[in-house]
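Mapping the sequence shown onto my numbering, position 44 (from 1) lands on 45, and the numbers just tick up by one. Glycine residues also receive a C-beta, built at the ideal position from the N, C-alpha and C atoms. Just below is one structure, and these are the notes that go with it.
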Amino acid sequence: MQNIRTIVLMLACVMVAASGFAHDLAPDWIKKENLDNGVYVSVDSPWVIRKSGVFPLSVKVLNVCSKSETILREIRVIGCDGKSSVYVYNKMLKSFTPKYEQALDAKKAMIVADKERDRTRMQEAHDSFGEAIGVIRSQAVIAKWTMSTDCIPIAIEVVLVEDGVNKNIRKQVDTTRTSPLPRGGAPDMVISFDENCKPIVSEPRSLSTMWWFAGDQHIHTSFSVDAVILDGTEEEPYEYSQGAEAIGLDWAIFTDHSNITYSEVWGDRDWYVSSQFDWGQAECQQYRNDHDWMSIYSQEMGLGEQGFWDLASHMLCLPLETDLAGMLSNPSEGLVYGHAECESEQIIIDRINNAGAFGFIAHPYDWEYLAFYEWDWGNGTNGWAGMELICASDGSYSSEDWSTWYKWHDLLGGIGSPTNGELPNRSGWPNKFPVGIGNSDAHEPGRVGRCWTYVAMEKVTRPNLKEAMLGGRCIPSNGPLAWVNVNGAITGSVALIPENWSQTVVSVRTNESMGYAGDFRTHVIVDGETRFTIEPSGVPYYSLDFNIPDLNLTEEDHFITMRCEKGGLIAMANPVWLQHTIVGDIDGDGVVGITDLLTIIDHWGECSNCISDLDHDGEVGVNDLLQLISLW
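Given below as structure tokens:
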């Protein structure tokens, strides 16, 4: 694994060196290739629809630098039936060529100031850039509608008049209707492997099942200054919630940037202030009341000072069980948005925990030019609950995510061994191991849910969400649902391994848009190293269980994770922890006794992949009871 890790990190360094910096902190319309004769038109809508209801649709029209006299005559929404709904504007669109040139010059000046480490020139360039793009963006025409999922529009037409001549700009509405996300459930087929690792397909013996739900815990609304200025977002949490529910998520947590000290140069809004937090929280509460759907409002906090520009890392404050009593203080200053020079990491982590929330490190190895820094693993902090293993508003899996994957496994390797079927508590931490989750970091409604987290629970409630997420019953994903079961213990739990015997089952669930479960490759990983690979079999089912051959576990083996992949789709399982014990010790206390006998009775009957099934025949019965008594 070390060699692979080195290669991945080298590739990441090459990519950064080639580009100069990881991201370009600028709106799409700053690039001339995104303009049509100086005019910018964009459409935002959910990328998929998986549930009946309503969703937000918006169109942004902005004259950035047209040399023609430009009038926005009308916007047409082309319905699923081909008929147009016409909205007349007849509005002159002012060109901002001087401000556009100012923004381009300021952008170049920032790069020079960065290389020369000139704080004065950097502040001047940053201020000039922010002022220019703010003024240009303030003149955008933004049209918003709430659409029914019964008829998804196919296109938007923007009708302009340029120097007296009509011109149509047509944009497709890239929203597709697709199947609901997989929920778990019983497999359609079971695949075992012969001595040559050839797959053998059979009917499932058991209909026992597990249910999973999905949510996105990292979303930015119009209460995040970068969403407004860079992406033109004007939707608030209520509208976002409509879209999140329509794409089939079961909850959303909105985490607007709180380390911002900034006032509009063109209006009267300030970021980030308690009134914005209260407004966002009220919208989520209203949506919960109106729709019985879990909409939660919180904040993404800046913490620490790194690099020459004293940039912060980011941490998600997730109030899993109850709402925050109010906005958590996150003082900051410096650079154009006042987002640098934050308080220390430990101060912010303690503030999150003291408020009854839980901190998850956002995009640990990602950074954005003059915006935020990657996480400092040497800062000596404790008290955070987990981290994002995948975070992308386009659903991609990056080299930075690979770095997080390897670092996460290093941290898991430092967790104490379980006893009595439980991991040891960690003093100063809210849970027993760092949990991996997946989120979108969306700054527009149409980007929500490109990555998400599947969570195993009986039903969607906030107490259940807290227990399951802190316990690691989570699958970060941008598509498939896949989890591991070892001797009856699932992802996040402790598996008892009697004298190195194990029965491991990998469950893969997909839908039509993802392709068959049999087309995915799955790596079963022990202590960070691949121990067994399920190659694509082509078995044409969306719900498969794979019975894995003996993994040759020894007492040195500590935990099992998993990756399930096909093309750009991926799911990652949090660990199943391994406690090595003796045959018949079903409760993990180190002896065979009365509680093991009671467990045998409780499991009586069909019990596939069950540690009480001592003779491995798929049922707990008399033979297992007699064997247990013989081991007393």
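For L545 against R532, the beta-carbon gap comes to about 20 Å, at or over 8 Å, which does not count as contact.
By the criterion of at least three beta-carbon pairs nearer than 8 Å, the stretch 414-427 is not in contact with the stretch 462-475. DSSP places V113 within a helical segment (H, G or I) once states are collapsed to three. DSSP assignment within the stretch 81-144 yields the following whole beta strand (DSSP E) runs of 3 residues or more, N-terminal first: 85-94. Taking the Cα of L182 as reference, the smallest distance to any Cα among A245, P481 and S129 is reached at P481. Taking C-alpha positions only, D395 is separated from R448 by approximately 7 Å.
Taking a contact to require three or more Cβ pairs closer than 8 Å, the stretch 323-334 and the stretch 363-376 do not qualify as touching. In its chain, beyond the 5 residues on either side, G569 have a beta carbon closer than 7 Å to the beta carbon of S397. For I137 against F97, the beta-carbon gap comes to about 5 Å, under 8 Å, which counts as contact. Below 8 Å, too few C-beta pairs join the stretch 237-257 and the stretch 378-392 to call them touching: fewer than three. Contact check for S180 and E513: beta-carbon distance about 5 Å, within the 8 Å limit, so the pair qualifies. The alpha-carbon separation between P188 and P200 amounts to approximately 16 Å. Counted as a single uninterrupted DSSP element, the alpha helix (DSSP H) harbouring K467 occupies residues R463 to L471. With respect to I391, C452 sits close: the two C-beta atoms are nearer than 8 Å. Taken through DSSP and simplified to helix, strand or coil, F278 comes out as helix. In the assembly as shown, Y88 is an exposed residue. Its beta-carbon has fewer than 16 other beta-carbons within 10 Å. Apart from sequence neighbours up to five positions away, the residues of its chain that approach A110 with a beta-carbon distance below 7 Å are R122 and A126, ordered along the chain. Contact between the stretch 457-472 and the stretch 594-607 is not established, with fewer than three Cβ pairs separated by less than 8 Å.
P419 places its beta carbon 8 Å or farther from that of V485. The beta carbons of I50 and A156 sit about 16 Å from each other, so the pair does not count as a contact at 8 Å. For the pair C318 and M302, the CB atoms are nearer than the 8 Å cut-off. CA-to-CA, the gap between E401 and H559 works out to about 26 Å.
Fewer than three beta-carbon pairs drawn from the stretch 154-169 and the stretch 282-299 are found closer than 8 Å, and the two stretches are therefore not classed as touching. If you draw a 10 Å sphere on the C-beta of D175, you find fewer than 16 other C-beta atoms in it, and that means exposed. For a cut-off of 8 Å, the C-beta gap from G422 to Q580 is around 7 Å, short enough to register as a contact. For G439, the enclosing beta strand (DSSP E) has its first and last residue at V436 to N440. Counting C-beta pairs with one atom in each stretch, the stretch 214-231 and the stretch 241-256 have three or more that are closer than 8 Å, which means they touch.
Inclusion of Y374 and L312 in the CB contact set at 8 Å is warranted, their separation being smaller than that value. For N426, the three-state secondary structure derived from DSSP is coil. M388 and G439 have their C-alpha atoms roughly 8 Å apart.
Separation of the CB atoms of A104 and I153 is rounded to 35 Å, and the pair is thereby denied contact status at 8 Å. With a contact defined as Cβ atoms closer than 8 Å, F194 and P550 qualify at about 5 Å. From the listed residues Y288, Y298 and R289, the smallest Cα separation to Q277 is found for Y298. In this structure, DSSP gives I261 a state outside helix and strand, which the three-state scheme calls coil.
Judged by their CB atoms, R77 and V191 are not nearer to each other than the 8 Å cut-off. Rounded to the nearest whole angstrom, the C-alpha separation of R184 and N479 is 14 Å.
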